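Numbering (UniProt numbering), first residue to last: 1 to 230.
Heads up, the beta-carbon is just placed ideally off N, CA and C, and yes, glycines get one too.
These figures come from a predicted structure and were not determined experimentally.
To keep things clear, I will list the structure first and then write my remarks on it.
What follows is the structure in structure tokens.
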């Protein structure tokens, strides 16, 4: 357990839908679809965030250079939530594993469905957010663990095919940023949460990522530390 002090931020009431995705990229595909856009890689998500930012006349949160992505924490553009932001928003003041009865708040394996459902079809949490649990897993900004999983990024919330033990606010999963996973989408955040050039915000720290990846001596079996450039 850790304590994080958060700056004020905004977060989407739902995951980005296929219709919202299509409106930004200028594609008719999915333009009438209110289900979450999926599958979406982490790279897809940050690229879309920059495009949505440009369309809104805001300042980009991300500088993308190939596989290298940096977060300008002083920017007001659309971005992925930091994990601490995501969990704060998902819990909405609750200290329980989930903010209500599973069948009332989340699309899951118990619903016997074969894909994501239109957003906001179940009860919201106390902040008015829908589907923070179930429907699709949601990408966050943070690395999953730079010592064990290389450049994997974190996923939160669980998906439509997951059972109840995966649909808890504390559960985290990670995957490669270019992985194509059928049950993965994303929710956007906004907000200036740091000074220009700062490399930490909202519970995330670039220095901590580097320190965690600096594994000395024999590595535990299966660990693949991330090697940062520079």
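From the options, pick the residue whose C-alpha is nearest to that of residue i; which is it?
{"i": "residue 57", "options": "27, 199 and 78", "result": "78"}
{"i": "residue 172", "options": "155, 10 and 188", "result": "155"}
{"i": "residue 85", "options": "3, 103 and 182", "result": "3"}
{"i": "residue 25", "options": "55, 229, 138 and 208", "result": "55"}
{"i": "residue 122", "options": "64, 14, 43 and 177", "result": "14"}
{"i": "residue 220", "options": "229, 148, 198 and 168", "result": "148"}
{"i": "residue 146", "options": "175, 134 and 165", "result": "175"}
{"i": "residue 10", "options": "98, 107, 134 and 90", "result": "90"}
{"i": "residue 115", "options": "161, 82 and 63", "result": "161"}
{"i": "residue 191", "options": "134, 45, 103 and 53", "result": "53"}
{"i": "residue 194", "options": "71, 165 and 67", "result": "71"}
{"i": "residue 199", "options": "62, 45 and 1", "result": "62"}
{"i": "residue 98", "options": "179, 130, 38 and 47", "result": "130"}
{"i": "residue 141", "options": "177, 21, 17 and 210", "result": "177"}
{"i": "residue 35", "options": "64, 163 and 119", "result": "119"}
{"i": "residue 17", "options": "8, 110, 1 and 39", "result": "39"}
{"i": "residue 170", "options": "206, 88, 102 and 153", "result": "88"}
{"i": "residue 226", "options": "21, 144 and 8", "result": "144"}
{"i": "residue 73", "options": "51, 213 and 206", "result": "206"}
Here's the rule I'm using: 16 or more other beta-carbon atoms within 10 Å means buried, otherwise exposed. How should residue i be labelled?
{"i": "residue 29", "result": "exposed"}
{"i": "residue 128", "result": "exposed"}
{"i": "residue 186", "result": "buried"}
{"i": "residue 60", "result": "buried"}
{"i": "residue 5", "result": "exposed"}
{"i": "residue 217", "result": "exposed"}
{"i": "residue 165", "result": "exposed"}
{"i": "residue 228", "result": "exposed"}
{"i": "residue 211", "result": "exposed"}
{"i": "residue 75", "result": "buried"}
{"i": "residue 108", "result": "buried"}
{"i": "residue 27", "result": "exposed"}
{"i": "residue 255", "result": "This structure leaves residue 255 out entirely; the chain is present only between 1 and 230."}
{"i": "residue 203", "result": "buried"}
{"i": "residue 163", "result": "exposed"}
{"i": "residue 68", "result": "exposed"}
Based on DSSP bridge pairs, tell me the residues matched to residue i.
{"i": "residue 224", "result": "149"}
{"i": "residue 11", "result": "189"}
{"i": "residue 204", "result": "201"}
{"i": "residue 214", "result": "Answer by DSSP bridge pairing: none, since residue 214 is not bridged."}
{"i": "residue 17", "result": "36"}
{"i": "residue 64", "result": "69"}
{"i": "residue 143", "result": "153"}
{"i": "residue 160", "result": "DSSP lists no partner for residue 160."}
{"i": "residue 30", "result": "BP columns for residue 30 are empty, so no partner."}
{"i": "residue 174", "result": "154"}
{"i": "residue 138", "result": "156 and 185"}
If residue i sits next to residue j, beta carbons under 8 Å apart, how far is it from one beta carbon to the other, in whole angstroms?
{"i": "residue 136", "j": "residue 184", "result": "6 Å"}
{"i": "residue 167", "j": "residue 106", "result": "5 Å"}
{"i": "residue 41", "j": "residue 150", "result": "Going by Cβ atoms, the distance from residue 41 to residue 150 rounds to 15 Å, so no, they are not a contact pair."}
{"i": "residue 82", "j": "residue 201", "result": "7 Å"}
{"i": "residue 19", "j": "residue 32", "result": "6 Å"}
{"i": "residue 66", "j": "residue 188", "result": "With 8 Å as the limit, residue 66 and residue 188 do not qualify as a contact, their Cβ atoms being about 23 Å apart."}
{"i": "residue 126", "j": "residue 80", "result": "Between residue 80 and residue 126 the Cβ distance is about 23 Å, and since that is not below 8 Å, they are no contact."}
{"i": "residue 158", "j": "residue 133", "result": "6 Å"}
3 or more residues per run - each beta strand (DSSP E) lying fully within the segment 51-135:
62-65 and 68-71
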